[in-house]
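Novice: First the structure, which I've put down as structure tokens, then a few questions once you've had a look.
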Amino acid sequence: MSYGDLSEEAVEKHREAGEILVEVMDEAKELVEPGATHLEVAESAEERIVELGGEPAFPVNISVDNEASHATPEADDETVFGEDDMVCLDVGVHVDGYIADAAVTVDFSGSDELVEAAEQALEAALDEVEAGAEVGVVGQAIEDVIDGYGYSPVLNLSGHGLERYDAHTGPTIPNRGMDRSAELQAGQVIAIEPFATDGSGKVGEGSHEQIFELQEERSVRDRAARQAMEQITGEFDGLPFAQRWLDSPRPGMALRRLKADGAITGYPVLQEDEGRLISQAEHSLIVTEDGYELLTDGLFG
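Per the UniProt record's numbering, residue 1 is the first one in the sequence shown, and the count goes up by one each step.
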């Protein structure tokens with residue numbers, strides 16, 4: 001099996017990250033139940049990643065109902081899962097910077113077909129993957145399956161590449177068909193993530209923001225902001241982090257100062273219209289000459 005220019009070390013560490021992720025996700029899914037808090041699920045998963053020899057590649061995302069991405073609990077969050085929630089868990093793991101990224105949907109709303117639409121779209125997309133395949137063809141497979149269920153793909157979200165210490169690189173893997181699109185190459189590590197919705201098929205930014213990422217290391221005068229900057233540059237390897245991960249006594253104020261200075265950027269929660277639902281399914285894989293190696297095999301087993 002040819003992995004292009006991807007080194008043997010990189011392949012092995014991506015595999016290890018994927019194995020950790022599948023084990024953590026299996027455990028996290030069991031914790032998601034009505035009455036449990038979002039915080040205990042997120043913290044349990046993040047702690048388990050470390051116990052198994054990895055590190056979180058980004059904060060555990062817990063998106064509920066019309067939320068699509070970038071939702072993670074606050075440090076004192078007491079929000080609990082409801083009896084009719086649709087819950088998307090999106091988890092990233094890295095081993096020495098080599099990342100695996102995957103997502104599943106846990107549903108209490110009774111919307112089985114919406115969950116199935118995303119999962120079957122992912123399977124159809126995988127069938128198209130090999131070196132030389134156009135990403136627009138992969139996207140068309142996703143769109144066709146979700147449309148066939150009577151739902152809409154989320155058009156302004158997409159899959160992506162995974163490079164060392166960077167969880168969102170090229171190529172972009174659209175959730176719809178496209179003409180004249182880029183071709184996949186052997187050795188690329190990618191995440192394919194269909195989102196299916198009973199809404200309009202487009203998400204917008206909400207007001208809530210708990211995930212941030214370093215843009216540029218800067219010197220700051222404010223003590224709390226300086227303390228936060230030291231932790232951000234020293235611990236997170238340029239990857240996204242949660243406000244609740246900071247040791248600062250005033251993390252919210254520190255992050256606001258750093259954001260105003262252009263040192264960090266924030267990721268608001270992305271969401272559909274109120275009352276709509278979104279399901280998600282995601283695998284990570286390595287593209288090969290004649291197909292792919294699935295890094296997160298067993299995730300939906």
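Glycine is no exception: its CB is placed at the ideal position from the N, C-alpha and C atoms.
1) So, do the region 172–188 and the region 123–136 have three or more beta carbon pairs nearer to each other than 8 Å?
2) Consult DSSP for residue 25 and reduce its assignment to one of helix, strand or coil.
3) Which residue marks the beginning of the beta strand (DSSP E) containing residue 89, and which one marks its end?
4) Give the C-beta separation of residue 273 and residue 177 to the nearest angstrom, bearing in mind that I take them to be a contact with Cβ-Cβ under 8 Å.
5) Cα-Cα, which of 152, 214 and 14 is closest to residue 163?
6) Using the three-state DSSP reduction, which class does residue 55 fall into: helix, strand or coil?
7) Rounded to a whole number of angstroms, what is the C-alpha to C-alpha distance between residue 174 and residue 221?
8) Quick one: complete alpha helix (DSSP H) runs, 4+ long, within the region 168–249?
9) Check this for me: beta carbons of residue 81 and residue 32, under 8 Å apart or not?
10) In whole angstroms, what is the alpha-carbon distance linking residue 298 and residue 285?
11) Assign residue 2 to one of two classes, buried (16 or more other C-beta atoms within 10 Å of its C-beta) or exposed (fewer than that).
12) Report the rounded CA-to-CA distance for residue 281 versus residue 91, giving the unit in angstroms.
13) Out of 258, 112, 104 and 210, which one is the CA nearest neighbour of residue 30?
14) Quick one: what's got a C-beta closer than 7 Å to residue 48's C-beta in the same chain, skipping five residues either side?
15) Can the beta-carbon of residue 264 be found less than 8 Å from the beta-carbon of residue 212?
16) Answer with buried or exposed for residue 50, where buried requires no fewer than 16 other C-beta atoms within 10 angstroms of its C-beta.
Specialist: According to the structure data:
1) Yes, the region 172–188 is in contact with the region 123–136.
2) The answer is helix: DSSP assigns residue 25 an H, G or I state.
3) Boundaries of the beta strand (DSSP E) harbouring residue 89: 86–95, taken from the DSSP string.
4) Wrong, their Cβ atoms sit about 24 Å apart, outside the cutoff.
5) 14
6) strand
7) 43 Å
8) 223–235
9) yes
10) 13 Å
11) Residue 2 comes out exposed.
12) 11 Å
13) 104
14) 24 and 27
15) yes
16) exposed
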